[in-house]
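First to last, the protein sequences are chains R and G. Just so you know, the first sequence maps onto residues 0 to 451 in numbering that gives the first Met the number 0. Just so you know, the second sequence maps onto residues 0 to 309 in numbering that gives the first Met the number 0. For each residue, glycine too, the CB sits at the ideal point set by N, CA and C.
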Amino acid sequence: MKIGHRRRFRRLGAITAALAASSLILAGCGGSGGDNGSAGSGAKASPQALDAALKKGGTITYWSWTPSAEAQVKAFTDEYPNVKVNYVNAGTGNDHYKKLQNAIKAGSGAPDVAQIEYQALPQFALPGSLVDLSAYGLDSLESDYTPSTWAAVHVGDGLYGLPQDSGPMAMFYNKDVFDKYHLTVPKTWDEYIAVAKKLHQADPTKFITDDPGDPGFATSMIWQAGGKPFTTDGKKVTINFQDDGSKKWTSVWNQLVGDGSIGQIAGWTDEWYKALGDGTIATMNIGAWMPGVFESSVPGGAGKWRVAPMPTYDGQPATAENGGSTESVLKQSKNPALAAAFVRWLNNGNGIKPFLEKGGFPATVKDLNDPSFVNKPDPYFGGQPVNQVLTAAAKSVVPGWSYLPYELYANNIFGDTVGKSYLAKSDLNAGLESWQNALVKYGNEQGFEVNK
Amino acid sequence: MTVIQEGTVTAGNVVSARRTRKVAAGISPLRPRKSRLLTGLMLLYLVYTLVPLVWLVISATKTQSDLLSTSGLQFGHDFALFSNIKETLTYRNGIFLRWLGNTLLYVVVGAGGATLLATVAGYGLAKYRFPGRRVVFAVVLGAIAIPNTALAVPTFLMFSDMGLTNTVWAIIVPSLVSPFGLYLMWVYAEQAVPQELLEAARIDGAGEFRIFWTVSLRLLAPGIVTVLLFAVVSTWNNYFLPLIMLSKPNLYPLTVGLTQWSNQAQGAGADPIYNLVITGSLLTIVPLVVVFFLLQRFWQSGLSAGSVKQ
Chain R
0 MKIGHRRRFR RLGAITAALA ASSLILAGCG GSGGDNGSAG SGAKASPQAL
50 DAALKKGGTI TYWSWTPSAE AQVKAFTDEY PNVKVNYVNA GTGNDHYKKL
100 QNAIKAGSGA PDVAQIEYQA LPQFALPGSL VDLSAYGLDS LESDYTPSTW
150 AAVHVGDGLY GLPQDSGPMA MFYNKDVFDK YHLTVPKTWD EYIAVAKKLH
200 QADPTKFITD DPGDPGFATS MIWQAGGKPF TTDGKKVTIN FQDDGSKKWT
250 SVWNQLVGDG SIGQIAGWTD EWYKALGDGT IATMNIGAWM PGVFESSVPG
300 GAGKWRVAPM PTYDGQPATA ENGGSTESVL KQSKNPALAA AFVRWLNNGN
350 GIKPFLEKGG FPATVKDLND PSFVNKPDPY FGGQPVNQVL TAAAKSVVPG
400 WSYLPYELYA NNIFGDTVGK SYLAKSDLNA GLESWQNALV KYGNEQGFEV
450 NK
Chain G
0 MTVIQEGTVT AGNVVSARRT RKVAAGISPL RPRKSRLLTG LMLLYLVYTL
50 VPLVWLVISA TKTQSDLLST SGLQFGHDFA LFSNIKETLT YRNGIFLRWL
100 GNTLLYVVVG AGGATLLATV AGYGLAKYRF PGRRVVFAVV LGAIAIPNTA
150 LAVPTFLMFS DMGLTNTVWA IIVPSLVSPF GLYLMWVYAE QAVPQELLEA
200 ARIDGAGEFR IFWTVSLRLL APGIVTVLLF AVVSTWNNYF LPLIMLSKPN
250 LYPLTVGLTQ WSNQAQGAGA DPIYNLVITG SLLTIVPLVV VFFLLQRFWQ
300 SGLSAGSVKQ
């Protein structure tokens, strides 16, 4: 009797252990609701107010995962010893946003300055969580930046950060693979498809590129094709993946996904890094910040990779931004003038140098035109001056793009919708349509007026 | 992260494996029947359980470039385990050791406290009759049904109001509450501590506290160890709560810290340190394995001690 009970007790224990293990796996998705504060603008201050704040000093907190952040903060405090900057790496990407969103919701605990990717900026700016920096006259800095990054830090009419870097896309290709299989570097997407099929037929273990279905890549590709699926005007949001741009992209990509000539290795995994080094992946259409990643993390590819302009639909140069971040000042900041001054120093002052030293790709016109930057031969790329291609790309970004005010949520559900088409190697258009439906539904639940 | 979960799964297996042995022994204690099928299945299961662990150990001996160029279940060109361990412990001024210390603090105070509270409360509920018992019972059962993950965000908002986020209390206080442990102790105390024994002690003139400390606690030992094991494992592996509560890397436990290292491999400015993530994961599960082996002894030996014929 007693033993029987004990046994039951132990069985319960075993079951619970299993449950505990599975609930760990489930942990991981937080909500991202937006509370709607007022986007009130304070009194107009001048850039002199920022200089005064720097002189006065104080303490600010800065959240960022930029590799050079620590060096930048040190250089800043060396220059302004009476300012104390608490630098915190609160996580990369989604972890960072989750914490930021929680602190905003809680009303305290947010940093004064935070790194925010361009794609996530509307999500934080629209509910009024960020300070409009034109209040400090920083809108006068427009001519210092490329048009695409300057547009990316604007939401509506407000300026919600200064561009830290840019990611105009280019085509990185493995020259060894191209030489071995006698492939020519494609200039148009039609040529790209031909090269892809030729390569995959010659060696089925090699792929023209790798794309397991990535929202950042898909939106950039639609951007390059001239699509503008997201438009936001206050609460009114329009989502349309049936425009010409989106269709142009799927008509190309469908052909590659459909016959498996694209690899589907998950990005940024050890397997992916491995595939970049050993020739499995022959090209990557990706942001101009990629050389730094190659050099530090793909030692096997040294000397093999080269850079060419991204293929286009008509052979004329056209590209899109892929990734890139801004630094923004939070509404919760108790010292917004000092925070804004720090942002100005980071992305418009002496902070740029340590950023570039760590392999960052600039958003500032001056640095993009600097001959010593543009013409520098890169030994990793066989001595090719890669920045010639990359800075040219920065000038041919298709204008007029904007992200959704809930882009992070959209990214989260990309795999459940478009990702299914990738898996089934079926029509991506259908996947985009189900993504659109899910996003319309979610947006309306969140208080936006989507497609109404 | 996967690696850490593997650790938990292995923990579950220890429980179920031993249960299987007991049950098998119960069928025929003198001459246990052998079944090839069952042995085969067990072997299969053993391999299934051990392969991730083997992968982890082998991978921890590789340099990052070997990791990226050789297959998972064979050794690389260089044996880099010790340099990996050294690098893990010293990377970014030894932040790993800091995280290890944090995890230990959360486990000792959090899981220890949770076990203590669960024992005292479970015993009280099992052995004393007082008004409101049924209500407590209902609340505890209800609390077991709510996953901790669902409570994390509301807890965060509450703690934020109290100014407790970004402090060690944000992790320790929620860890102190273990409805499951309480329920377990309650059920266990009901069976393991005979009412007659308590009455005998009372007749001998012992006070209630003395009875608890000198008599009941010993009878409860196996139950306490079980609850402690569960609490230690769940606190050690606690991920979501610290993830949202803490934004200072100095306060992170190992789980969140290692995830941060792992995420470093993403996007512009990616700086992958897979060899350190893997070596760190190995170092993270070692203490848990040790705890299991140590506590297992108590767990077994305590089971038959102190019973009274009814």
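Counting C-beta neighbours from all protein chains within 10 Å, is the total for residue i 16 or more, i.e. buried, or is it exposed?
| i | result |
| --- | --- |
| GLY259/R | exposed |
| LEU293/G | exposed |
| TYR421/R | buried |
| GLN118/R | buried |
| LEU129/R | buried |
| TYR144/R | buried |
| LYS303/R | buried |
| ILE145/G | exposed |
| ILE171/G | buried |
| THR58/R | exposed |
| GLN194/G | exposed |
| GLN259/G | buried |
| ALA423/R | exposed |
| LYS330/R | buried |
| PHE447/R | buried |
So, for residue i: in the same chain, excluding its five sequence neighbours on each side, which residues have a beta-carbon less than 7 angstroms away from its beta-carbon?
| i | result |
| --- | --- |
| ARG343/R | LEU49, LEU137 and LEU161 |
| GLY314/R | LYS186 and THR187 |
| VAL106/G | VAL231, THR234 and TRP235 |
| PHE310/G | Coverage of chain G is limited to positions 0 through 309, which leaves residue 310/G absent and any answer about it impossible. |
Whose Cβ in chain R lies nearer than 7 angstroms to the Cβ of residue i?
| i | result |
| --- | --- |
| TYR273/G | ASP269 |
| GLN263/G | THR91 |
| ALA269/G | TRP267, VAL292 and SER296 |
| THR164/G | GLY108 |
| LYS247/G | VAL87 |
Measure the CB-CB distance between residue i and residue j and report whether it falls below 8 angstroms.
| i | j | result |
| --- | --- | --- |
| ASN101/G | PRO248/G | no |
| PRO384/R | PRO378/R | no |
| ALA267/G | ASP77/R | no |
| ASN262/G | GLY90/R | yes |
| GLY299/R | SER68/G | yes |
| ALA338/R | ASP131/R | no |
| THR118/G | LEU219/G | yes |
| SER142/R | GLY359/R | no |
| TRP53/R | ALA340/R | Here residue 53/R turns out to be Leu, not Trp, going by the sequence shown. Contact: yes. |
| TYR172/R | ALA307/R | yes |
| VAL313/G | PRO173/G | Shown here, chain G extends from 0 to 309; a query on residue 313/G therefore has no answer. |
| ILE115/R | SER327/R | yes |
| THR390/R | LEU407/R | no |
Beta-carbon within less than 6 angstroms of residue i's beta-carbon, same chain only, minus the 5 sequence neighbours each way: which residues are those?
| i | result |
| --- | --- |
| VAL50/G | none |
| TYR238/G | THR254 |
| LEU403/R | PHE229 and ALA409 |
| GLY322/R | GLY166 and GLY286 |
| VAL192/G | SER215 and LEU218 |
| GLN254/R | ILE192 |
| LEU75/G | Position check: residue 75/G holds Gly in this sequence, whereas Leu was assumed. Cβ within range, chain order: LYS61, ASP65 and THR69. |
Interface residues of chain R around residue i at Cβ under 8 angstroms?
| i | result |
| --- | --- |
| GLN259/G | ASN88, GLY90, THR91 and ASP94 |
| ILE243/G | GLY29, LYS97, LYS98 and ASN101 |
Do you know offhand how far residue i's Cα is from residue j's?
| i | j | result |
| --- | --- | --- |
| ILE94/G | THR87/G | 9 angstroms |
| LEU345/R | ILE285/R | 25 angstroms |
| PRO121/R | SER245/R | 21 angstroms |
| ALA24/G | THR38/G | At ALA24/G the pLDDT is 47, less than 50, meaning the model places this residue with poor confidence and gives no usable figure here. |
| ASN349/R | GLN445/R | 41 angstroms |
| CYS28/R | TRP62/R | Summary for CYS28/R: the model assigns pLDDT 34, below 50, so the residue's position carries little reliability; its value from the coordinates is reported in the next sentence. Near 21 angstroms, if we compare the C-alpha coordinates of TRP62/R and CYS28/R. |
| THR89/G | LEU40/G | 43 angstroms |
| TRP434/R | ASP426/R | 13 angstroms |
| GLY212/R | GLY162/G | 41 angstroms |
| VAL297/R | LEU275/R | 7 angstroms |
| ALA193/R | HIS199/R | 10 angstroms |
| TYR441/R | GLU432/R | 14 angstroms |
| ALA195/R | ILE207/R | 5 angstroms |
| GLY127/R | VAL154/R | 11 angstroms |
In chain G, which residues lie with their C-beta within 9 angstroms of the C-beta of residue i?
| i | result |
| --- | --- |
| GLY418/R | Simply none; closest approach about 18 angstroms. |
Going along chain G in order, which residues have a C-beta closer than 7 angstroms to the C-beta of residue i?
| i | result |
| --- | --- |
| PRO298/R | SER64 |
| ALA362/R | By Cβ distance, chain G contributes nothing, its closest Cβ being about 12 angstroms from ALA362/R, past 7 angstroms. |
What in chain G is Cβ-close to residue i, meaning under 8 angstroms?
| i | result |
| --- | --- |
| ASN410/R | Those within 8 angstroms of ASN410/R in chain G number zero; the least Cβ separation is about 12 angstroms. |
From the beta carbon of residue i, is the nearest beta carbon of chain C less than 8 angstroms away?
| i | result |
| --- | --- |
| SER159/G | Of the chains in the structure shown, none is chain C; the protein chains are R and G. |
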